Amino acid sequence: MSKIFLFYILTVLTRSPLLALLVIVALYFFLDRRFVGLLPDFSALFRTRREIARLKQEVMLNPHNAEALSDLGRYLVQTGKDREGVSFLERALPRMGEISETRFYLGLGYLHLGQMEKAEEHLRAVLQIDPRYGYGEAWLRMGDLKVLEKDLAGALESYQAFVGIHTSSSEGFYKMGEVCQRLDDREKAKEYYSKSMNAMRGSPPHKKRIDRPWFWKARMKLMQGI
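Take 12 as the starting number for the sequence shown in the numbering used here and just add one per residue.
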């Protein structure tokens, strides 16, 4: 009802229903960017697509450019094109096998594709090369892998290793809460959900957008009384 009233007021003020609708969309986008963080960053998506196009041209001209192959694979995995991304990363692997980033995105791509053995192989390689890569993100994804394999103890151990490195990760604390909840440790689950919310509150502005979805998930869990 309030949205209809707002639309009516804006239509009266602008004398154009279309302009009123555009104002509401712009306002919603601004509020999401500022307070919620559910909508994607469209400018970043545009830049990524442009970079993918450039790198595809580069590897077409120079198919042995391992760095370009790795970068292209990384961007493709980041945008959800895991199968295509993994194919480029595998081509880069003979020359980039000791590079944490290449190994990490291979592991992440295989994780998304449900190929757990290959995912674990590459994530463990990252942990051997540099366990602090990406603020310990290989530990976070190893935890996700263990959850999918229903190894909750292993998942909790991996998440604990992650938050030991990234001590202000709202996502990490939320996922620890979920695992504890599944293990019927309600008090620990509540503790970690609270830590997830506190991590977002203490985040710098540029990180709040990443943390907000986990903040709201944790808040919903606590409101439901888990």
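Here a beta-carbon is modelled for each residue, glycine too, at the ideal position from N, C-alpha and C.
Please read all numbers here as calculations on a predicted model, not as lab measurements.
- Query: The alpha helix (DSSP H) with Q81 in it runs from where to where?
  - Reply: Contrary to the premise, residue 81 reads as Ser rather than Gln in this sequence. Residue range A77 to Q89 is occupied by the alpha helix (DSSP H) that includes S81.
Task: Nearest neighbour of S111, chosen from L124, P224, W150 and S98 [CA to CA] - done: Here the closest residue by C-alpha is W150.
CB contact flag (A172, S207, <8 Å):
No; because the gap between Cβ atoms is not below 8 Å, this pair is not in contact.
Does DSSP put Q68 in a helix, in a strand, or in coil? DSSP places Q68 in the helix class (H, G or I) of the three-state scheme.
Could you round the C-beta distance between S179 and G213 to whole angstroms and report it? I think they count as a contact, below 8 Å. Confirmed, Cβ separation roughly 6 Å.
What first and last residue would you give for the alpha helix (DSSP H) that runs through D195? From DSSP, D195 is part of no alpha helix (DSSP H); its letter is neither H nor E.
* Asked: Exposed or buried, what is L133 when buried is set at 16 or more other beta-carbons lying within 10 Å of its beta-carbon?
  -> The question names Leu, but residue 133 is His in the sequence shown. Buried.
Does T178 come out as helix, strand or coil in the three-state DSSP assignment?
Assignment of T178 by DSSP, reduced to helix, strand and coil, places it in the coil class.
Relative to the C-alpha of Q139, which candidate in P216, E160, E95 and G108 has its C-alpha closest? When C-alpha distances from Q139 are compared across P216, E160, E95 and G108, the shortest belongs to G108.
Quick one: what's got a C-beta closer than 8 Å to V88's C-beta in the same chain, skipping five residues either side?
Scanning its chain for C-beta atoms nearer than 8 Å, with the 5 sequence neighbours on each side dropped, one finds around V88 the residues G96, V97, L100, Y116, L119, G120 and H123, in chain order.
For G183 and V174, which I take to be in contact (beta-carbon distance under 8 Å), what is that distance rounded to the nearest angstrom?
That pair is a contact at about 4 Å.
Extent of the continuous alpha helix (DSSP H) to which S214 belongs
Segment: none, S214 is in no alpha helix (DSSP H) and carries neither H nor E.
In three-state terms, what does DSSP make of I63?
-> Three-state result, I63: helix.
Task: Rounded C-alpha distance that separates L80 from R102 - done: Rounded to the nearest angstrom, the two C-alpha atoms are 7 Å apart.
*asked:* For H75, count the other beta carbons within 10 Å of its own beta carbon; 16 or more makes it buried, fewer makes it exposed. Which is it?
replied: H75 counts as exposed, since fewer than 16 other C-beta atoms from the protein chains shown sit within 10 angstroms of its C-beta.
Please report the distance separating the alpha-carbon of N209 from that of H177.
Taking the straight line joining both Cα atoms gives about 14 Å.
- So, helix, strand or coil for Q126, using DSSP? Residue state, collapsed to three classes: coil.
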